[in-house]
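K.L.:
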Amino acid sequence: MNRSIINKALRPFGTTIFTEINAIAKTYNAVNLSQGAPDFDGPDYIKAKAAECIMRGPNQYIASEGIVELRRAIAHKMKRFYDVDVDTEKEITVTSGATEGLYATMMGILEPGDEVILLEPFYDTYPPVAALANANVRYVTLRGPQFELPEKELAAAFSPKTRAIVINNPQNPCGKVFTREELAYIGFLCEKYDAFAIGDEVYEHLVFDGKNHVTLMSIPELRERAFVISSTAKTFSMTGWKIGYVLASPELTKAVRMSHQFITFCGQSALQEAMAFAIDLPDTFYTELLDTYNRKRMFLFEGLKEAGLNVYLPEGAYYVMADIRSLGFEEDSTFCRMLPEKAGVAAIPASYFWKDRTMGKEYVRFCFCKTDETLKEGILRLKRFFE
Ligand code: PMP
Ligand code: GLN
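Here it is as structure tokens:
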């Protein structure tokens with residue numbers, strides 16, 4: 004065979020950095036603060052509900068758009084938290100995680116030659132999916148330490164070729180939380196250029212310091228132009244269940260459902276019912292989640308600071324970005340490949356979230372969705388190593 008087996012759109016991407024660092028972490032039995040997956044499970048009563056649903060069924064294929072109980076719970080949640088009305092029948096599509104939601108949305112609307120604007124640092128799924136759709140990416144850089152939206156550069160990136168912009172809010176990896184004004188400005192540009200906004204809002208319930216999450220669905224200019232993608236993975240600490248969804252106006256939803264039916268057809272029946280139950284949990288669940296993560300955020304932030312790293316307090320999500328230059332290191336990739344062996348701790352080199360990797364090479368991402376013991380041990384090892 005004289006042509007490469009791998010689709011040329013995928014060739015530049017290689018194996019994800021999460022897989023790579025996890026393997027190194029395992030080799031050295033490191034405290035793993037790399038991939039954003041909790042080292043604890045969500046509540047037992049949600050698991051018990053899932054077990055009950057499995058025993059009772061449904062265990063066969065379900066409606067492609069997801070079971071009605073889950074779509075109802077999502078619609079109710081959008082009203083409860085954001086005062087947004089979402090139609091259960093026509094505006095919600097349940098997907099296998101936000102990952103499939105992103106894929107179904109982008110594949111549902113993009114054609115070769117379309118332009119997609121990505122704000123970098125970006126979550127690693129976006130560029131390969133754009134590439135698979137044969138779309139061209141325009142990158143707009145948010146610069147640390149504040150990661151503000153550069154409005155002039157953003158406006159210059161829009162053109163009549165722009166089909167969509169992806170906004171990850173709260174943002175992974177830098178923890179930025181977009182303001183209503185910033186989102187309204189994006190809405191203004193989308194309207195001006197007749198473009199769509201794809202919101203990745205998987206960390207919507209992890210917004211700290213009394214700030215509120217602003218969903219794209221609540222921006223008037225975007226209500227009919229937005230695809231809002233979220234997931235139950237982070238909120239209920241069940242990342243392996245892969246229950247996500249896409250919210251969009253009925254016309255836009257048709258595009259998502261068109262591609263979703265050919266990707267997975269439908270998601271996981273019994274687990275969808277368990278997540279309907281979880282989403283409906285009382286406010287105390289959500290406030291306790293935020294309190295717990297806020298405590299972990301401050302613990303990791305202070306600990307990394309004491310270890311000598313220059314750190315940025317994230318406004319949302321569950322990652323802390325650290326600048327390694329304060330400890331005399333230059334380059335994140337070498338640093339993160341050395342750290343598990345030398346310090347017994349694993350973290351993600353943040354330059355992987357930039358197109359031009361020289362941009363983010365001073366940053367390393369540590370995550371705090373870990374037990375207090377894990378975080379304590381990680382900090383202890385880092386302090387010992389940097390001393
Ligand atoms: N978007 C972002 C920004 C993420 O960080 C993640 C995963 N951690 C996902 C999407 C994927 O979500 P899911 O596990 O529901 O596919
Ligand atoms: N979203 C998780 C993170 O940023 C990783 C999920 C994945 O491996 N795709 O760490």
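In this note's numbering, the protein residues as written are 4 to 390. We put the CB at the ideal spot given by N, CA and C, even for glycine.
Decide if the region 51-59 is in contact with the region 262-278; the criterion is three or more beta carbon pairs, one per stretch, under 8 Å apart.
P.N.:
Yes, the region 51-59 is in contact with the region 262-278.
K.L.:
Given R360, which residues of its chain have a CB within under 6 Å of its CB, disregarding the five upstream and five downstream residues?
P.N.:
Excluding sequence neighbours, R360 sits near S354.
K.L.:
Suppose you measure from the CA of K345 to the CA of K179; what does that come to, to the nearest Å?
P.N.:
The straight-line gap from Cα to Cα measures roughly 31 Å.
K.L.:
If we require 4 or more residues per run, which alpha helix (DSSP H) segments fall completely within the region 241-281?
P.N.:
For the region 241-281, whole alpha helix (DSSP H) runs of length 4 or above, ordered along the chain, are 253-266.
K.L.:
Please list the segments of the alpha helix (DSSP H) lying wholly inside the region 57-82, counting only runs of 4 or more residues, in order along the chain.
P.N.:
Whole alpha helix (DSSP H) segments, 4+ residues: zero.
K.L.:
Just to confirm the assignment: which complete alpha helix (DSSP H) runs, minimum length 4, are found wholly within the region 269-345?
P.N.:
Correct list: 272-282, 286-309, 335-345.
K.L.:
Less than 7 Å between the beta carbons of A325 and L312, yes or no?
P.N.:
For A325 and L312, yes; Cβs fall inside 7 Å.
K.L.:
If the criterion is Cβ atoms closer than 7 Å, does the pair T105 and I189 meet it?
P.N.:
Checking the displayed sequence, the identity of residue 105 turns out to be Leu instead of Thr. Not in contact: L105 and I189 (Cβ atoms no closer than 7 Å).
K.L.:
Between V249 and T98, which are expected to be in contact by the criterion C-beta below 8 Å, what is the C-beta distance as a whole number of angstroms?
P.N.:
V249 to T98, Cβ: 6 Å. Contact.
K.L.:
As a quick exercise: from R141, P352, P46, pick the residue whose alpha carbon is nearest that of F332.
P.N.:
Comparing Cα-Cα distances from F332 to each of R141, P352, P46, the minimum goes to P352.
K.L.:
Nearest CA to the CA of A279: which residue from I246, E305, T256, V259?
P.N.:
Cα-wise, what sits closest to A279 is I246.
K.L.:
With the cut-off set at 7 Å, would you say Y321 and C370 are in Cβ contact?
P.N.:
Contact flag set, yes.
K.L.:
Does at least one heavy atom of ligand 2 sit under 6 Å from the Cβ of N25?
P.N.:
N25 Cβ: outside cutoff for every heavy atom of ligand 2.
K.L.:
Relative to ligand 2, is the shortest distance from any of its heavy atoms to the C-beta of F43 smaller than 6 Å?
P.N.:
F43 Cβ: outside cutoff for every heavy atom of ligand 2.
K.L.:
Look at the Cβ atom of L113, then the Cβ atom of A138, and state whether they are nearer than 7 Å.
P.N.:
Result yes, Cβ atoms of L113 and A138 sit closer than 7 Å.
K.L.:
Ligand 1 and Y126: does the residue's C-beta get closer than 6 Å to at least one heavy atom of that ligand?
P.N.:
The answer is yes for Y126.
K.L.:
Just to confirm my understanding: we take G191, look at its own chain, exclude 5 residues before and 5 after, and list those with CB closer than 7 Å. What are they?
P.N.:
A small correction: the amino acid at residue 191 is Phe; Gly does not occupy that position in the sequence shown. Same-chain partners within the cutoff: E224.
K.L.:
How far does the alpha helix (DSSP H) with I31 in it extend, from its first residue to its last?
P.N.:
What sits at residue 31 in the sequence shown is Tyr, not Ile. From DSSP, Y31 is part of no alpha helix (DSSP H); its letter is neither H nor E.
K.L.:
Quick check: what's the CA-CA separation for L13 versus T19?
P.N.:
In a straight line, the C-alpha of L13 is about 11 Å away from that of T19.
K.L.:
Residues in the same chain with beta-carbon distance under 8 Å from N25, minus the five sequence neighbours each way, listed in chain order, please.
P.N.:
N35, S37, Q38, A349.
K.L.:
Which same chain residues, not among the five before or five after M81, have their C-beta less than 8 Å away from its C-beta?
P.N.:
Around M81: V87, D88, V89, T218, M220, L250.
K.L.:
Checking 7 Å against the spacing of the C-beta atoms, do F77 and I95 come in under that value?
P.N.:
The question names Phe, yet the displayed sequence has Ile at residue 77. Yes. Within cutoff.
K.L.:
Note down, in chain order, each residue of its chain lying with its Cβ closer than 6 Å to the Cβ of G111, except the 5 sequence neighbours on either side.
P.N.:
The residues are A258, V259, M261, S262.
K.L.:
Measuring CA to CA, which of A158, E154, R166, M4 is closest to T182?
P.N.:
For T182, the nearest C-alpha among the options comes from E154.
K.L.:
May I have the straight-line CA-CA distance separating F16 from D127, to the nearest angstrom?
P.N.:
Rounded to the nearest angstrom, the two C-alpha atoms are 9 Å apart.
K.L.:
Which value, in whole angstroms, describes the spacing of the CA atoms of R340 and R384?
P.N.:
Between R340 and R384, the C-alpha separation is close to 16 Å.
K.L.:
Report yes or no: is there a C-beta of chain D within less than 7 Å of the C-beta of L145?
P.N.:
Protein chains in the displayed structure number just one, and chain D is not present.
K.L.:
Quick one: is D212 buried, meaning 16 or more other Cβ sit within 10 Å of its Cβ, or exposed?
P.N.:
So D212 counts as exposed.
K.L.:
Mind checking who F43 pairs with in its DSSP beta bridge?
P.N.:
DSSP output for F43 lists no bridge partner at all.
K.L.:
Could you have a look at Y206 and say whether DSSP puts it in helix, strand or coil?
P.N.:
Residue state, collapsed to three classes: coil.
K.L.:
What would DSSP say about A136, mapped onto helix, strand or coil?
P.N.:
Correct three-state label for A136: coil.
K.L.:
Mind checking whether A229 and A198 have CB atoms under 7 Å apart?
P.N.:
No, Cβ-Cβ distance for A229 and A198 is not below 7 Å.
K.L.:
Would you say Y206 and G319 are within 7 Å of each other, going by their C-beta atoms?
P.N.:
Yes, the Cβ-Cβ distance between Y206 and G319 is below 7 Å.
K.L.:
E467 bridges to which residues according to DSSP?
P.N.:
Outside the displayed span of the chain (4 to 390) sits residue 467, for which this structure offers no information.
K.L.:
Am I right that I282 and T235 are in contact with their C-beta atoms under 8 Å? What's the rounded C-beta distance?
P.N.:
Contact flag correct, Cβ pair sits at about 7 Å.
K.L.:
For P115, which of helix, strand or coil comes out of DSSP?
P.N.:
Here P115 sits in coil by DSSP.
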